[in-house]
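These notes are about the structure you will find just below.
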């Protein structure tokens, strides 16, 4: 446990000693605000909720989370520090969890800094705080799922750009999977079980139900399984690197 | 301390390390020699548990590296090839991270960092970012990392690579000093380093151990070992050669260098040729300017073992 935290602390430090953290947070907050107020017409709707705020998160995360995670293993491979790290008394799992937690905490910090918008709706009206909490939880889980994908793709290659693009493509696939235009197009030629299968691995249905304030264990379980699967695949890739 | 038995590693069809067996006990410094691609780094990576061996067993301080990897790794300090290091940290931050990874916290951590900083001469750059360090300092920072938990076993992959002569000397001295209480393996291309720091050396070529012994034993394997080299000032080559060839103790003789003022020749002896040679010298009134018995050079041993087709240059 202490080892995981030591690794996580180093990774978090890396975010904040380089400009990455600040650029990321500024861009995230700026885009989240711009989409909410300009595209989402937050004020014109006249409803005290955060739907127009959370609506854009999957699309922001699509690019920003892979950007935050592309470095995690690629850099270790490029610098050769992976050899250093994995010959210390750590198990691969500790290394993976340490890196994952550090980046997730970093994303949570960025998400937390959107708190003024909660104060804003609280000031303007009487929002349903339970629903806002669910919204934040869904957003955090979505970020966590995308992050696990980015962590996995970064272990494939020493090239951060390749790792970024792979992560974006996979995340985009997961976003589009459950989207009606896509499922409709597929249902024209594919058997029903393919359509259902595709729809069920899409992140949007799970994300949306959390936005509606429904705290369903199945949605949390979905995000949890994506994360566990990717972290497990990550450990397999690490083993393959060393064989 | 380190026991390697029948270690083999194949990458696809290529056999990088082929049935290697050796051991290093406490107080020994083992030099690992070999041409590039001979399997030195691969062997070291397997001993540190980074690469799993295809077959064979490795035990470090009594722990099997395959079965109890964490216990074994706790006792190993490892300097990987090219001294990789996290580039976005300060030297102090990096050492502090490594200390914590080794389970050192609080005052134990502080003491450990102070010790290695002094040992590796890092005071001047302690708060500098690793990015901005010169190669020598980067290397020594990574070396400090390997020493931070005062391990019983040290595995150093080319510890003096890229250092200037003074730094090389310091690192060599450091290795020799630590050698008395640890088991150390280090690889190098520089043969004089083996003589300076090792109590034993292994030459590995194409994945196999081709020589194993103390530096003196290895040197004795040199094709030139025991040869007598003499420089004579006042006799011409034509006069000299028959006089030497007549001696019973001379197996073979050839001229190494011929200049107007003197002639240098080398004798391959049969038994001890020196008394006879000196007697011949007085008898024929040679003006002997220089006389030397070749100890054998590791370079020659290394070349003759790893390049079996090359004849020793006369």
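Protein chains in written order, with this note's numbering: chain A, 7 to 249; chain B, 130 to 443.
All C-beta atoms in this analysis are idealised placements derived from N, C-alpha and C, irrespective of residue type, glycine included.
Between residue 249 of chain B and residue 184 of chain B, the alpha-carbon positions lie close to 37 Å from each other.
Under the 10 Å beta carbon count, residue 227 of chain A is surrounded by fewer than 16 other beta carbons and is classified as exposed. DSSP places residue 240 of chain A in the helix class (H, G or I) of the three-state scheme. For residue 416 of chain B, the CB contacts under 7 Å within the same chain, skipping 5 residues up- and downstream, are 361, 362, 363 in chain order. Close partners of residue 226 of chain B in chain A (Cβ separation under 9 Å): 12, 13, 15, 16, 19. Residues of the segment 85-107 of chain A with a C-beta less than 9 Å from any C-beta of chain B: 85, 86, 87, 88, 89, 90, 91, 92, 93, 94, 95, 96, 97, listed in chain order. Any Cβ of chain A closer than 9 Å to the Cβ of residue 314 of chain B would place that residue at the interface, and such an atom is absent. The beta-carbon separation of residue 257 of chain B and residue 219 of chain B, rounded to 6 Å, stays under the 8 Å limit for a contact.
Note on geometry: alpha-carbon atoms of residue 300 of chain B and residue 306 of chain B lie some 10 Å from one another. Taking residue 236 of chain A as the centre and dropping the five residues before and after it, the same chain places the C-beta of 154, 155, 158 closer than 6 Å to its C-beta, in chain order. In the pairwise beta carbon analysis, the segment 348-357 of chain B is classified as touching the segment 425-433 of chain B: at least three pairs are separated by under 8 Å. Flagged as an interface residue toward chain B: residue 249 of chain A, by a C-beta distance shorter than 9 Å. The C-alpha of residue 10 of chain A lies about 5 Å from the C-alpha of residue 104 of chain A. At a C-beta separation below 9 Å, residue 199 of chain B has these neighbours in chain A: 95, 96, 97. Here the segment 183-200 of chain B makes no contact with the segment 257-276 of chain B; the two share fewer than three CB pairs at distances below 8 Å.
The beta carbon of residue 230 of chain B falls within 9 Å of a beta carbon belonging to chain A, placing the residue at that interface. When the five nearest sequence neighbours on each side are left out, the beta carbons in the same chain lying within less than 6 Å of the beta carbon of residue 82 of chain A are those of 88, in order along the chain.
Annotation for residue 78 of chain A: 105, 157, 160 place their beta carbon closer than 6 Å to its own, counting only its chain and skipping 5 residues before and after. The CB of residue 214 of chain B comes closer than 8 Å to the CB of 85, 87, 90 in chain A, given here in chain order. When 7 Å is used as the limit between beta carbons, residue 177 of chain B is near these residues of chain A: 93, in chain order. In chain order, 217 make up the part of chain B whose C-beta sits under 7 Å from the C-beta of residue 24 of chain A. Within the DSSP secondary-structure output, residue 398 of chain B pairs in a beta bridge with B:379.
Counted as a single uninterrupted DSSP element, the stretch harbouring residue 135 of chain B is not any alpha helix (DSSP H) but the beta strand (DSSP E) occupying residues 131-140. Closer than 9 Å to the CB of residue 203 of chain B there is at least one CB belonging to chain A. When C-alpha distances from residue 319 of chain B are compared across B:334, B:290, B:337, B:313, the shortest belongs to B:290. Within chain B, the C-beta atoms nearer than 7 Å to that of residue 9 of chain A come from 230, in chain order.
Each residue's CA atom was taken as its position, placing residue 112 of chain A and residue 281 of chain B some 38 Å apart.
If only complete runs of 4 or more residues are kept, the segment 342-366 of chain B shows the alpha helix (DSSP H) at 344-349, in order along the chain. Not flagged as an interface residue toward chain A: residue 267 of chain B, since no C-beta distance is shorter than 9 Å. Sequence-distant Cβ neighbours of residue 66 of chain A in its own chain, meaning closer than 8 Å and more than five residues away, are 34, 37, 38, 41. By the neighbour-count criterion, in which a residue is buried when 16 or more other Cβ atoms sit within 10 angstroms of its Cβ, residue 125 of chain A is exposed. Here residue 158 of chain B is not near residue 412 of chain B, since their CB atoms are 9 Å or more apart. In this structure residue 223 of chain B is in contact with residue 270 of chain B, their Cβ atoms being roughly 6 Å apart against a cut-off of 8 Å. For residue 418 of chain B, the enclosing beta strand (DSSP E) stretches over residues 417-422. Minimum Cα-Cα distance from residue 95 of chain A among the listed residues B:207, B:231, B:221 corresponds to B:231. At a C-beta separation below 9 Å, residue 180 of chain B has these neighbours in chain A: 248, 249.
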